[in-house]
Amino acid sequence: MTRAIPLEAVLVVAAALFCIGLFGALSRRNLVGVLMGVELMLNSANINLVAFWRYLEPRFITGPTFAIFIITVAAAEAAVGLAMIIAIYRSWNTVNADSVDGLRG
Amino acid sequence: MRDVIEQIINTTFGWGWPGWAISLIGYLIVAAILFLIAPFQMLFLTLFERRAIARMQDRVGPNRVGPEGAWQPLADGVKIFTKEDIVPDSADRWVHLIAPCVVVAPTMFMFAVVPWGPGMVPVDMNIGLLFFFAISSVSAVGLMMAGWASNNKFALIGAMRAVAQMVSYEIPAVLSLLSIVLITGSLSLVDLIAYQGGLFISSSDVAGVPDLGLGWFIFTPVGFLAFIAFFIAALAEGERTPFDIPEADSEIVAGYMTEYSGMKFGLFYLAQYVLNFLLCAITSVIFFGGWQGPGVGWLYAQAITPANPGGGWIFNVLAGALGVFYFLAKTYGFFFVMVWIRGAYPRLRIDQLMDFGWKFLIPLTLVNIFGATIWVALTKWGAAEGLAIVEGWSPMLRWAVAFVVTLALNLGAYLFLARIFAESQAERLRVDDEVLERLTNVA
Amino acid sequence: MDLLIQIIFGLLTALIIGAAMMVVTVRNIIHAALWLIASFFGVAALYLLLEAEFIAVVQVLVYIGAISILILFAIMLTRHISGEGERLLTRHWWAAAVVALGLFGAVLLPTLAGNAWGIPLPTGPAGTPEPLSGVEELGRGFVSEFLLHFEVAGVLLTVALIGAIVIAFEERSRRRRVLTLAEEHTLNQRQKASAERAAAAADMAD
Chain A
3 MTRAIPLEAV LVVAAALFCI GLFGALSRRN LVGVLMGVEL MLNSANINLV AFWRYLEPRF
63 ITGPTFAIFI ITVAAAEAAV GLAMIIAIYR SWNTVNADSV DGLRG
Chain B
34 MRDVIEQIIN TTFGWGWPGW AISLIGYLIV AAILFLIAPF QMLFLTLFER RAIARMQDRV
94 GPNRVGPEGA WQPLADGVKI FTKEDIVPDS ADRWVHLIAP CVVVAPTMFM FAVVPWGPGM
154 VPVDMNIGLL FFFAISSVSA VGLMMAGWAS NNKFALIGAM RAVAQMVSYE IPAVLSLLSI
214 VLITGSLSLV DLIAYQGGLF ISSSDVAGVP DLGLGWFIFT PVGFLAFIAF FIAALAEGER
274 TPFDIPEADS EIVAGYMTEY SGMKFGLFYL AQYVLNFLLC AITSVIFFGG WQGPGVGWLY
334 AQAITPANPG GGWIFNVLAG ALGVFYFLAK TYGFFFVMVW IRGAYPRLRI DQLMDFGWKF
394 LIPLTLVNIF GATIWVALTK WGAAEGLAIV EGWSPMLRWA VAFVVTLALN LGAYLFLARI
454 FAESQAERLR VDDEVLERLT NVA
Chain C
31 MDLLIQIIFG LLTALIIGAA MMVVTVRNII HAALWLIASF FGVAALYLLL EAEFIAVVQV
91 LVYIGAISIL ILFAIMLTRH ISGEGERLLT RHWWAAAVVA LGLFGAVLLP TLAGNAWGIP
151 LPTGPAGTPE PLSGVEELGR GFVSEFLLHF EVAGVLLTVA LIGAIVIAFE ERSRRRRVLT
211 LAEEHTLNQR QKASAERAAA AADMAD
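Chains A, B and C, in that order, give the protein sequences.
Position one of the first sequence corresponds to residue 3 (the working numbering), numbered consecutively onward.
Position one of the second sequence corresponds to residue 34 (the working numbering), numbered consecutively onward.
Position one of the third sequence corresponds to residue 31 (the working numbering), numbered consecutively onward.
Put into structure tokens, the structure is as follows:
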């Protein structure tokens with residue numbers, strides 16, 4: 003693996019995934035779609051951690067450990083985020099990000 | 034397997050193929066065998082279940098096609114293959130098509146880590162157990178797709194129920210296995226089986242116990258509680274009665290399968306039976322020693338293995354045959370228990386199901402993990418881990434103390450939780466009754 | 031062998047990136063969630079290719095088995111307005127596109143231009159070092175080196191669990207309760223009985 007594919011290739015994949023996720027998170031109107039974009043970004047960060055671990059420091063477990071922590075954080079984020087989306091849906095009857103403007107003066 | 038193929042190709046024919054090609058051929062052969070076995074298993078299991086349940090209900094069951102109805106599954110198969118494949122007009126065509134595949138594929142993957150006999154495992158992964166459960170959770174996505182794509186209320190309700198049930202009962206299943214993993218210190222199914230040699234007492238816990246292949250986890254208090262919790266969770270994961278709420282035919286037709294016909298319906302059916310078989314297989318591997326049994330260990334010690342290259346090949350065959358026999362006997366035994374439960378118990382309600390999983394099974398398995406740590410400390414630890422007291426005891430005494438302590442802990446936890454759970458259920462009934470009373474008074 | 035790995039990597043990349051593109055552009059939100067699952071699956075396969083078996087399995091278990099299921103559930107619970115006829119993106123989506131493309135370009139250009147950050151590639155004389163992807167090393171790390179992180183992650187999960195329940199909880203009294211058939215029957219009987227009693231009381235009053 004490390005011989006056949008340069009580290010940069012993996013990193014470019016991760017960067018592309020991050021940018022797609024960023025675009026999704028910034029531009030989707032549906033709140034669930036925004037959350038999906040955030041999940042894509044977290045995934046790309048994970049790819050980076052695992053790739054750096056595999057190519058540079060395969061003797062230490064720091065990379066996979068942090069990947070696991072990120073997965074933990076992603077799980078927590080998804081749970082709370084979706085709970086908030088459900089709560090928003092209940093009080094506004096919509097899940098569109100730009101319709102939820104209760105604080106507008 | 035790989036060595037044999039390499040011998041044939043490179044030495045007998047002298048082709049000199051590279052190593053990865055030989056590995057690929059080996060894996061392809063194993064995969065082909067497994068893919069042939071799975072549908073035949075399913076055919077046999079359907080007939081077995083129908084006959085057994087008929088006996089329990091004082092009927093005869095299918096007995097027309099072939100001797101004692103033996104060809105009935107084939108006739109069913111022909112019927113399913115030749116049926117018209119109907120897709121509802123308002124369904125989402127692609128998702129409707131892909132969903133059965135997403136449900137079936139994971140169950141096939143799961144065969145990859147199941148050991149059938151001594152030295153007979155497709156892939157000995159060091160995270161086999163985790164792989165098994167990770168892959169099994171993928172089929173929940175397929176159920177959701179099926180329910181949503183059908184564009185039918187019953188299908189959607191069935192899918193929601195199925196997924197909620199699978200996700201909830203995955204937690205007690207994994208937690209109960211965690212206590213076993215704590216004791217063995219390995220996630221590999223091969224290591225789990227190797228740990229269970231002995232005679233009622235695992236020879237890995239107490240050195241010097243005669244190895245009759247009977248040191249199963251079911252004989253320890255920790256393993257017993259884990260087995261009960263896991264088997265209940267397995268019933269829920271496999272959508273068996275009393276947890277067959279997702280396809281409760283008296284309420285929601287056939288759940289997520291309502292809008293499927295022909296071979297797609299057949300695929301769901303296949304996935305269900307293969308999953309049930311696999312859950313029974315994993316139960317027998319983890320708690321009942323898999324292929325372990327009297328004689329297998331001795332036979333395998335005489336066979337050709339990497340550790341013992343000078344053995345006789347006949348012992349390979351004998352050990353394999355006996356091991357597979359034990360393994361399948363246990364597995365079919367559990368499948369019979371599943372059928373038996375189906376014949377004996379009525380269906381639960383969805384809220385009863387959720388309450389039971391979250392408020393009873395999960396706390397119980399958490400206590401069981403604590404029991405497993407006590408077990409490990411008392412049987413394995415010494416002064417190096419800061420437990421100098423047990424250092425001087427004999428292994429047998431340590432095992433006995435661990436047995437008594439964990440038994441007391443698990444029994445106490447069970448009685449306590451059962452009381453609390455019963456009280457909470459009674460309280461809930463009372464509240465429901467009050468609400469009903471209020472509604473009546475308003476009316 | 032190298033060629034095989036490169037082909038597999040190419041296919042996986044196409045799967046990950048293509049599925050991610052579908053996630054952000056497809057109109058139907060359920061389809062977007064399904065493409066998201068495909069993308070997660072590709073990432074898990076990429077971990078396998080990177081010889082991180084444990085991470086790959088955890089990815090499948092957590093992302094596909096839990097998070098995407100949660101997302102699907104949330105979509106179905108909020109499906110009332112599925113947004114079929116509405117606009118897909120916000121009004122200023124082009125700004126988001128510029129930001130994302132600019133960021134990607136900022137990463138891609140130095141990479142294509144050469145080894146800009148001077149990161150040494152591990153092609154040393156020692157050959158490929160033995161990677162540590164075992165569960166045991168990870169477990170040992172969690173209870174020694176990363177103990178504090180591990181505990182914090184546990185606390186975080188507990189907080190998230192409780193928080194999610196508190197946020198999404200709907201009080202029992204506010205929920206519209208659906209009566210079971212048996213309860214409906216009891217209710218009918220009681221209503222009938224109370225009506226009769228009222229009629230009897232009215233008779234008595236007369």
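Idealized CB from N, CA, C, for every residue including glycine.
These numbers were taken from a predicted model, which means no experiment stands behind them.
It is roughly 21 Å from the alpha-carbon of residue 125 of chain B to the alpha-carbon of residue 69 of chain C.
Note on residue 203 of chain B: 16 or more other CB atoms within 10 angstroms of its CB, so buried under the neighbour-count rule. Three or more beta-carbon pairs separated by less than 8 Å are not found between the segment 74-91 of chain C and the segment 53-66 of chain C, which leaves the two stretches without contact. Taking residue 164 of chain B as the centre and dropping the five residues before and after it, the same chain places the C-beta of 146, 158 closer than 7 Å to its C-beta, in chain order. Residue 34 of chain A belongs to the set of residues whose beta carbon lies under 8 Å from a beta carbon in chain C.
The DSSP-derived three-state label of residue 30 of chain A is strand. For the segment 212-225 of chain C, the set of residues with a beta-carbon nearer than 8 Å to any beta-carbon of chain B comprises 213, 216, 217, 220, 221, 224, in chain order. Residue state for residue 231 of chain B is assigned as strand, using DSSP reduced to three classes. Taking the C-beta atoms as reference points, residue 251 of chain B is found nearer than 8 Å to residue 257 of chain B. With a beta-carbon spacing of about 7 Å, residue 254 of chain B and residue 404 of chain B fall inside the 8 Å limit used to define contacts.
Beta bridge pairing from DSSP links residue 308 of chain B with no other residue.
Annotation: Cβ neighbours of residue 100 of chain A in chain C (cutoff 7 Å, chain order): 120.
Listed in chain order, the non-local C-beta contacts of residue 292 of chain B below 6 Å within the same chain comprise 121, 183, 185, 188, local neighbours out to five positions each way being set aside. Identification of residues in the segment 33-62 of chain C having a C-beta nearer than 7 Å to some C-beta of chain A yields 35, 36, 39, 43, 46, 47, 50, 51, 53, 54, 59, 62, given in sequence order.
By the rule that beta-carbons nearer than 8 Å mark a contact, residue 129 of chain C does not touch chain B. Residues of the segment 81-92 of chain C with a Cβ closer than 8 Å to any Cβ of chain A, in chain order: 81, 82, 84, 85, 88, 89, 92.
Between the segment 82-90 of chain B and the segment 134-149 of chain B, the count of Cβ pairs shorter than 8 Å is below three; the stretches do not touch. Residues 31 of the same chain have their beta carbon placed closer than 8 Å to that of residue 100 of chain A, with the five preceding and five following residues left out of the count. In the structure shown, the three-state DSSP call for residue 158 of chain B is coil. From the listed residues C:99, C:93, C:98, the smallest Cα separation to residue 69 of chain A is found for C:93. A direct Cα-Cα distance of roughly 28 Å separates residue 139 of chain C from residue 71 of chain C. Going by beta carbons, residue 228 of chain B and residue 237 of chain B fall inside the 8 Å limit. Here residue 98 of chain A carries a strand assignment [DSSP, helix/strand/coil]. Counting C-beta atoms within 10 angstroms of its own C-beta, residue 171 of chain C has 16 or more neighbours from the protein chains shown and is therefore classed as buried.
Taking the Cα positions, residue 367 of chain B is about 15 Å away from residue 270 of chain B. Taking the CA atoms as reference points, residue 151 of chain B sits about 24 Å from residue 75 of chain B. Contact annotation for residue 50 of chain A against chain C: no contact, minimum CB-CB distance about 11 Å [criterion: below 8 Å].
Residue 178 of chain B is a Cβ neighbour of residue 135 of chain B, given a cutoff of 8 Å. C-alpha of residue 385 of chain B to C-alpha of residue 38 of chain C: approximately 47 Å in a straight line.
Under the 10 Å beta carbon count, residue 215 of chain C is surrounded by fewer than 16 other beta carbons and is classified as exposed.
Using a C-beta cut-off of 8 Å, the segment 273-292 of chain B makes no contact with the segment 317-329 of chain B, since fewer than three inter-stretch Cβ pairs fall below that distance. Taking CB atoms only, residue 159 of chain B has a neighbour in chain C less than 8 Å away. Residue range 105-115 is occupied by the alpha helix (DSSP H) that includes residue 112 of chain B. Excluding sequence positions up to five before and after residue 205 of chain B, its CB lies within less than 7 Å of the CB of 262, 266, 390, 394, 395, 398, all in the same chain and listed in chain order. Within the same chain, 84 come within 7 Å of residue 165 of chain C by CB-CB distance, once the 5 residues on both sides are set aside. Sorting B:300, B:423, B:320 by C-alpha distance to the C-alpha of residue 247 of chain B places B:320 at the top.
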